[in-house]
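Numbering that gives the first Met the number 0 applies: residue 0 is where the sequence shown begins, and numbers increase by one.
Following: one structure in structure tokens, then a few remarks.
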Amino acid sequence: MTHKQKAYKKELIKQLHISQRYQGYYKEEEEEYRALLEKHFGERSSKALNIPQLLALVKYFNYDIPGLPIIKDRSKEVTEAQISLIFGLWSAYAQDVSDKALRAFVKRITGNTYLHVDKLSKADATMVIVALKNTLKER
Numbered sequence: 000m001t002h003k004q005k006a007y008k009k010e011l012i013k014q015l016h017i018s019q020r021y022q023g024y025y026k027e028e029e030e031e032y033r034a035l036l037e038k039h040f041g042e043r044s045s046k047a048l049n050i051p052q053l054l055a056l057v058k059y060f061n062y063d064i065p066g067l068p069i070i071k072d073r074s075k076e077v078t079e080a081q082i083s084l085i086f087g088l089w090s091a092y093a094q095d096v097s098d099k100a101l102r103a104f105v106k107r108i109t110g111n112t113y114l115h116v117d118k119l120s121k122a123d124a125t126m127v128i129v130a131l132k133n134t135l136k137e138r
């Protein structure tokens with residue numbers, strides 16, 4: 000991202016944070032705001048959004064558009080290869096290979112709760128894979 004793009008993104012975040020709709024929404028219903036971001040953009044913070052996503056969010060909070068489109072960045076989603084690697088490493092590592100045990104391990108490593116492993120972000124999946132590989136090396 001260029002210096003101008005970073006400055007523009009920072010300005011968009013400022014515009015978002017000063018809008019009355021945002022201030023009321025965030026102040027009263029912060030978790031609902033984060034769920035809105037998660038549903039439409041796949042993120043829980045406005046700082047993690049890219050410029051087109053921020054533009055849509057600012058327009059929505061300034062009442063310029065009636066609803067938010069779903070603009071998820073697919074490059075941040077877990078890949079099939081990562082999922083299969085996680086399951087393979089997990090079966091080699093764990094005594095209890097249940098989904099519940101795997102989800103508990105994922106929460107311990109990432110700090111995030113997931114109902115299904117295929118809903119992991121790419122970054123969280125990478126953290127889980129590295130942790131599983133490191134624990135297998137120690138054995």
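All residues carry an ideal CB built from backbone N, CA and C; glycine is no exception.
Since the structure is predicted, the reported quantities are computational estimates derived from the model, not experimental observations.
By the 10 Å Cβ neighbour count, where 16 or more other Cβ atoms means buried, how is residue i classified, buried or exposed?
| i | result |
| --- | --- |
| Asp95 | exposed |
| Ala55 | buried |
| Ser45 | buried |
| Ala124 | buried |
| Leu114 | exposed |
| His129 | Looking at the sequence provided, one finds Val at residue 129 rather than His. Exposed. |
| His39 | buried |
Taking residue i and residue j to be in contact with their CB atoms under 8 angstroms, please state how far apart those CB atoms are, rounded to whole angstroms.
| i | j | result |
| --- | --- | --- |
| Phe60 | Tyr7 | The pair is not a contact, with the Cβ atoms about 17 angstroms apart (cut-off 8 angstroms). |
| Val116 | Leu101 | 6 angstroms |
| Leu84 | Val105 | Actually they do not touch by this definition, with Cβ atoms about 14 angstroms apart. |
| Lys58 | Leu88 | Contact doesn't hold; Cβ gap of about 43 angstroms is too wide. |
Just the C-alpha distance for residue i and residue j, rounded to the nearest angstrom, thanks.
| i | j | result |
| --- | --- | --- |
| Ile108 | Ala47 | 20 angstroms |
| Ala34 | Arg43 | 7 angstroms |
| Asp98 | His16 | 39 angstroms |
#### Entry: the segment 39-52 touching the segment 79-91, judged by at least three CB pairs closer than 8 angstroms
no
### Message
Which runs of the alpha helix (DSSP H) at least 4 residues long sit entirely within the segment 51-124? Give them in chain order.
### Response
Along the length of the segment 51-124, whole alpha helix (DSSP H) runs at least 4 residues long occupy 79-92 and 98-109, reported in chain order.
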